[in-house]
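Read left to right, the sequence shown gives residues 650 to 988 (the working numbering).
Everything below concerns the one structure shown next.
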Amino acid sequence: MPEMQLLGMTPAELREVAAEAGLRPFAADQIARRIYKLRATSIDEMTELPLAARQSLAKKYTVGRSAPKAEARSKDGTVKYLFEGAGGMDVEAVYIPDRDRATLCVSSQAGCRMGCKFCMTGRQGLHGSLSASAILNQILSIPESETLTNIVFMGMGEPMDNLTAVIRALEVLTSKWGMAMSPRRITVSTVGVNPAGVARLIKDTQVHIALSLHSPYAAQRGELMPAERAWSGSEALKFIASADDFSRQRRLSVEYIMWDGVNSDMRAAAALGRLLKGLHCRVNLIRFHAIPGSDLKPCPVQRMEEFRDRLNDMGITATIRASRGEDIMAACGMLAGSQ
C-alpha cells in the first residue's frame, strides 16, 4: 500500500514527485490544482496526467484524504467529527455554523502534553502529533468543507508543540497555489509555550493569534496551566503584542475561561485590565463546561456579564463567546477523541 501522501506538499515537492513519474515540471501545478482547488480524493481523478503516470504515482503515493470515522450532531447545529489521529488516539474537529459564518475548529495533536487542569484533552497526555496532511484532511473531508469561512486551531493539542506541521498546513491554506484562503480568516491559539516558535508563527504567517491566559495572577495560572512555569502568561502576552502591529489587520485575542470562585470577581477583572492596558487586543470570555473529575465550576452568566462590563469600562474590548455543542461534548475544553 502507498504510504506517502500528496496532501500537504508544496509545488517544489510536487515537481519532484512529477519527475519520478516521468512528467514535466508543469505537471506539479496540475497535481496541486487537483488536490487543493478541485479537492481530488484519489490519483485516478487527475485525468490531466497520462494513465501510465497516474499508475506510477499510485504505487508510491496516495492523496491522503480520508472521511470522518464518526460524527455527532448537536441540537444547536454544531457537528463534531472524529478522524484518525496518531499514537492510537483519534482526534476531533468541530464544525460551528453561525448565520453567515461557518467555522471549523481543528486539532493539531492527538492528546496534549500541556496538562491544563480544565481541559479533557490536556488531561490525557500527548499520544502523537498530526502531520500537515492529517490537519488539512480535517478541513477538506467534512461535508461542509466548501462552505467554511473561518478556521481556528483550537481543537486537540498545542499548535506550538507541532509547529512545523501547523505552519505547513497554514501555507497550503493561504497560498495562491493552495486553497487561497485569507489568513484573516484563520486563528491559531496557544497557551504561550516556545517563544521561538511563537516568533516564527508571527514572522512566517499573517494569521490571527489567540493566547490562552485564563488568569491575571501568575500563581493561580500556574496551578491551572503548568506551561506558566516555563513561560509566564504576562511575558508571553507582552512578547506577542510587541512582535507585530496588532492594531491593524492582524488580531490578538486573549482567551479567558471563567470559573466560579476562582477568576471571576471584580478584583480579577481589574487585574486583567491592568495587565492588558495599552495593548491592542480583545478578550473572549468563555463559559467553563464541567468535565469529569474536576471540581471547577462554571461561572454564573450574570457574573460574566459584570466582568465583561468592567473590562469594557477600563477600555478593554471584551465579549462573551457563545457556548456551542456542549450536548455532544464539543464545547471548549471537552474534546477527548477516542482510543
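C-beta atoms are modelled at their ideal positions from N, C-alpha and C, and glycine is treated no differently.
Practice item. Excluding the 5 residues preceding and the 5 following Gln869 in the sequence, name in chain order all residues of the same chain whose CB lies nearer than 6 Å to its CB. Key: Counted from its first residue, the sequence shown places residue 869 at position 220. Cβ within range, chain order: n/a, list empty.
Practice item. Report the rounded CA-to-CA distance for Arg899 versus Thr752, giving the unit in angstroms. Key: Sequence index remark: in the sequence shown, residue 899 carries index 250 (1-based). Sequence index remark: in the sequence shown, residue 752 carries index 103 (1-based). Roughly 18 Å between the two C-alpha positions.
Exercise for review: Could you tell me the distance, in whole angstroms, from the CA atom of Ser864 to the CA atom of Lys766?
Suggested key: Position 215 of the sequence shown, counted from the start, is the residue given in the question as residue 864. Position 117 of the sequence shown, counted from the start, is the residue given in the question as residue 766. Approximately 13 Å between the Cα atoms of the pair.
Check your understanding: Do Ile935 and Tyr905 have their CB atoms nearer than 8 Å?
Key -> Looking up residue 935 in the sequence shown gives position 286. Looking up residue 905 in the sequence shown gives position 256. Yes. Within cutoff.
Practice item. Quick one: residues in its chain with C-beta nearer than 6 Å to the C-beta of Ala707, no 5 flanking neighbours on either side, listed in chain order? Key: Mapped onto the sequence shown, residue 707 falls at position 58. When the five nearest sequence neighbours on each side are left out, the beta carbons in the same chain lying within less than 6 Å of the beta carbon of Ala707 are those of Ile692, in order along the chain.
Review point. For Val801, which of helix, strand or coil comes out of DSSP?
Key: Indexing the sequence shown from 1 puts residue 801 at position 152. Looking at Val801 - three-state DSSP - the assignment turns out to be strand.
Review point. Buried or exposed: Gly964, going by 16 or more other Cβ atoms within 10 Å of its Cβ?
Key: As a position in the sequence shown, residue 964 is number 315, starting the count at 1. With fewer than 16 other Cβ atoms within 10 Å, it is exposed.
Point to revise | Of the residues Glu872, Leu924, Arg952, the one placed nearest Asp909, counting alpha carbons only | key: Along the sequence shown, read from residue 1 onward, the residue named residue 909 stands at position 260. Comparing Cα positions, the closest option is Arg952.
Practice item. Could you spell out the range, first to last residue, of the alpha helix (DSSP H) harbouring Gly922? Key: The residue labelled residue 922 in the question sits at position 273 within the sequence shown. Judged by DSSP secondary structure, Gly922 falls within the alpha helix (DSSP H) whose first and last residues are 915 to 925.
Point to revise | Proximity of Leu860 and Ile889 at Cβ, strictly below 8 Å | key: By one-based count along the sequence shown, residue 860 stands at place 211. By one-based count along the sequence shown, residue 889 stands at place 240. Yes, the pair counts as a contact, with Cβ atoms nearer than the cut-off.
Exercise for review: Name the two residues that bound the continuous alpha helix (DSSP H) containing Phe888.
Suggested key: Here the question's residue 888 lines up with position 239 in the sequence shown. Note, Phe888: alpha helix (DSSP H), 882 to 892.
Review point. For Tyr685, does the three-state DSSP call read helix, strand or coil?
Key: One-based indexing of the sequence shown puts residue 685 at position 36. In the structure shown, Tyr685 sits in a helix (DSSP, three-state: H, G or I).
Check your understanding: Val740 bridges to which residues according to DSSP?
Key -> In the sequence shown, counting from the first residue as 1, residue 740 sits at position 91. Under DSSP, Val740 shares a beta bridge with Phe732.
Exercise for review: For Gln704, count neighbouring Cβ atoms within 10 angstroms of its own Cβ and tell me buried if that reaches 16, exposed if not.
Suggested key: The residue labelled residue 704 in the question sits at position 55 within the sequence shown. Classified as exposed, Gln704 has fewer than 16 neighbouring CB atoms from the shown chains inside 10 Å of its CB.
Check your understanding: Cα-Cα, which of Phe937, Val842, Gly657, Leu656 is closest to Arg878?
Key -> Along the sequence shown, read from residue 1 onward, the residue named residue 878 stands at position 229. For Arg878, the nearest C-alpha among the options comes from Val842.
Exercise for review: Whole angstroms is fine: what's the gap from Arg957's alpha carbon to Gly764's?
Suggested key: Working through the sequence shown from its first residue, we reach residue 957 at position 308. Working through the sequence shown from its first residue, we reach residue 764 at position 115. C-alpha of Arg957 to C-alpha of Gly764: approximately 27 Å in a straight line.
Review point. When the Cβ atoms of the region 837 to 851 are set against those of the region 778 to 792, are three or more pairs found closer than 8 Å?
Key: With a cut-off of 8 Å, the region 778 to 792 and the region 837 to 851 do not count as touching, because too few Cβ pairs lie within range.
Exercise for review: May I ask which residues mark the beginning and end of the beta strand (DSSP E) holding Gly871?
Suggested key: Within the sequence shown, numbered from 1, the residue matching residue 871 stands at position 222. The continuous stretches of beta strand (DSSP E) do not include Gly871, which lies in the alpha helix (DSSP H) extending over residues 867 to 873.
Review point. According to the Cβ coordinates, are Ala677 and Leu663 closer than 8 Å?
Key: For the purposes of this step, residue 677 is taken as the residue at position 28 of the sequence shown. For the purposes of this step, residue 663 is taken as the residue at position 14 of the sequence shown. Against a cut-off of 8 Å, the Cβ pair of Leu663 and Ala677 comes out as a contact.
Check your understanding: Should the region 731 to 741 be called in touch with the region 965 to 974, which here means at least 3 C-beta pairs below 8 Å?
Key -> Contact between the region 731 to 741 and the region 965 to 974 is absent, because fewer than three Cβ pairs lie under 8 Å.
Exercise for review: Count the other C-beta atoms from every protein chain shown that fall within 10 angstroms of the C-beta of Met653, then say buried if there are 16 or more, exposed otherwise.
Suggested key: Position 4 of the sequence shown, counted from the start, is the residue given in the question as residue 653. Result: exposed.
Exercise for review: Counting only the same chain and skipping the five closest in sequence on each side, list residues whose C-beta sits under 8 Å from that of Pro949.
Suggested key: In the sequence shown, residue 949 corresponds to position 300, counting from 1. The beta carbon of Pro949 is closer than 8 Å to those of Asp909 in its chain, skipping five residues each way along the sequence.
Point to revise | Alpha-carbon to alpha-carbon, Asp739 and Ser831 | key: Start at 1 with the first residue of the sequence shown, and residue 831 comes out as number 182. Start at 1 with the first residue of the sequence shown, and residue 739 comes out as number 90. So the alpha carbons of these two residues sit roughly 29 Å apart.
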